[in-house]
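Asker:
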Amino acid sequence: MKNIITILLTLLIIIVSSCETDVTNDISLVETPPRLVIDGGLERNIKTPVTTQQIRLLTTAPFLSNKDFPFVSDAQVTISDGTNSWVFEHTNNGFYENSDILPEIGNTYTITILWKGETYQGTDMLLAEVPRFDKFYYEFEEETVFADEGYYVKFDTTDPINVQNFYHYRLFKNNEFVTVPDPGNSQVLIVSDEFFDGKQRIGVKPNEDIFFEIGDIATAQQLSISEPYFDYLKELFTQTGNLGNPIVGNPPPASIRGNLINLDNSSNRALGYFYVIDVEEDTVTITEN
Numbered sequence: 000m001k002n003i004i005t006i007l008l009t010l011l012i013i014i015v016s017s018c019e020t021d022v023t024n025d026i027s028l029v030e031t032p033p034r035l036v037i038d039g040g041l042e043r044n045i046k047t048p049v050t051t052q053q054i055r056l057l058t059t060a061p062f063l064s065n066k067d068f069p070f071v072s073d074a075q076v077t078i079s080d081g082t083n084s085w086v087f088e089h090t091n092n093g094f095y096e097n098s099d100i101l102p103e104i105g106n107t108y109t110i111t112i113l114w115k116g117e118t119y120q121g122t123d124m125l126l127a128e129v130p131r132f133d134k135f136y137y138e139f140e141e142e143t144v145f146a147d148e149g150y151y152v153k154f155d156t157t158d159p160i161n162v163q164n165f166y167h168y169r170l171f172k173n174n175e176f177v178t179v180p181d182p183g184n185s186q187v188l189i190v191s192d193e194f195f196d197g198k199q200r201i202g203v204k205p206n207e208d209i210f211f212e213i214g215d216i217a218t219a220q221q222l223s224i225s226e227p228y229f230d231y232l233k234e235l236f237t238q239t240g241n242l243g244n245p246i247v248g249n250p251p252p253a254s255i256r257g258n259l260i261n262l263d264n265s266s267n268r269a270l271g272y273f274y275v276i277d278v279e280e281d282t283v284t285i286t287e288n
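Numbering-wise, numbering that gives the first Met the number 0 puts 0 at position 1 of the sequence shown, and it's gapless, one number per residue.
#1: Have a look at phenylalanine 139 and glutamate 96 and give me their C-alpha separation to the nearest angstrom.
#2: How many angstroms separate the CA atom of isoleucine 167 from the CA atom of glutamate 193?
#3: Between which two residues does the beta strand (DSSP E) carrying serine 98 extend?
#4: Within this structure, are the beta carbons of valine 190 and aspartate 208 separated by less than 8 Å?
#5: Let's see if you can read the secondary structure: which residues bound the beta strand (DSSP E) around aspartate 123?
#6: In terms of DSSP beta bridges, what is tyrosine 231 paired with?
#7: Measure the Cβ-Cβ separation of isoleucine 104 and glutamine 120 and say whether it is below 8 Å.
#8: Buried or exposed for lysine 233, please, with buried defined as at least 16 other CB atoms from any protein chain shown within 10 angstroms of its CB.
#9: Would you report the Cα separation of glutamine 220 and threonine 284, rounded to the nearest angstrom?
#10: In chain order, what residues of the same chain have a beta carbon less than 7 Å from the beta carbon of threonine 286, not counting five sequence neighbours either side?
#11: The beta strand (DSSP E) spanning aspartate 281 covers which residue range?
#12: Within the chosen definition, does the stretch 223-238 reach the stretch 158-173 through at least 3 CB pairs nearer than 8 Å?
#13: Could you spell out the range, first to last residue, of the beta strand (DSSP E) harbouring isoleucine 110?
#14: Determine the closest residue to threonine 157 out of Leu101, Arg200, Asn106, with distance taken between C-alpha atoms.
#15: Return the CA-CA distance between asparagine 258 and valine 275, expressed in angstroms with no decimal places.
#16: Please determine, among Asp80, Ile160, Phe171, the residue with the shortest C-alpha to C-alpha distance to threonine 122.
#17: Give me whichever residues DSSP pairs with leucine 57 in a beta bridge.
#18: To the nearest angstrom, how far is it from the Cα of threonine 77 to the Cα of valine 86?
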């Protein structure tokens, strides 16, 4: 299941590289050194326990390259909670894994990456347990001006009272993560409980743009995330959502800062975000009612 960060960072690089004039073979382009990209974090999942935690390390690709991000296989990766430390070993294709770490509510985790003589460090926290689904279902909806005809996954859930929560929604179709660049993603795919603290929410769509057909397998996830990660995703969704928007156009790309700091060279910061999340999920096969 490809992570959303890699998908959206790819779109963002398209924005950055398409802001100016037409590029032809006659133009000489100066390539910048590749930057480290982190794709992943720690996930706590009560319903489907995560037996092996994964962090993927990539680098940015050269300008105009049509290849995937090159992966990093020669880094040293450790994660600490202030008391214990866990070493993540490279397995293949840039994936670093550890089967011993078990993320716990209330803990703060720091990742340290040593790569090419420079040390990167980032921190995130797992502050709140994610609310469970009260009900998980799908409904058929006719085509409208704003949506296609099809089956849409929904769930009911109750937000804990007097607890500040930030949520992010993921949707998978036949075990593949799906998302659509849309200006509304920054208000739909991530949300705070500012206006529904302690209330039950009915008919939440984890993604209003994705519909299913008979026979499809649908998996939806509700993630409890930290406020800094919420802010990062909001900016990322805002910029990638406006890609090709006929009204807004492609806005000048802002610098989206992740949480990985280069301790040796502040100008060579990493891209992406090291996150720690709690996951609620459910799966259903779409059938005729």
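From the three backbone atoms N, C-alpha and C, an ideal C-beta is built for every residue, glycine too.
Bear in mind the structure is a predicted one, so any value in this text is a computation, not a measurement.
Answerer: The answer reads as follows:
#1: 40 Å
#2: As written in the sequence, residue 167 is histidine, which differs from the isoleucine given in the question. Going by the C-alpha atoms only, they are around 14 Å apart.
#3: Unbroken run through serine 98: none, as it is neither H nor E.
#4: no
#5: 117-124
#6: In DSSP, tyrosine 231 forms no bridge with anything.
#7: no
#8: buried
#9: 15 Å
#10: Ile213
#11: 270-284
#12: yes
#13: 107-114
#14: Arg200
#15: 12 Å
#16: Asp80
#17: Val36, Phe70
#18: 4 Å
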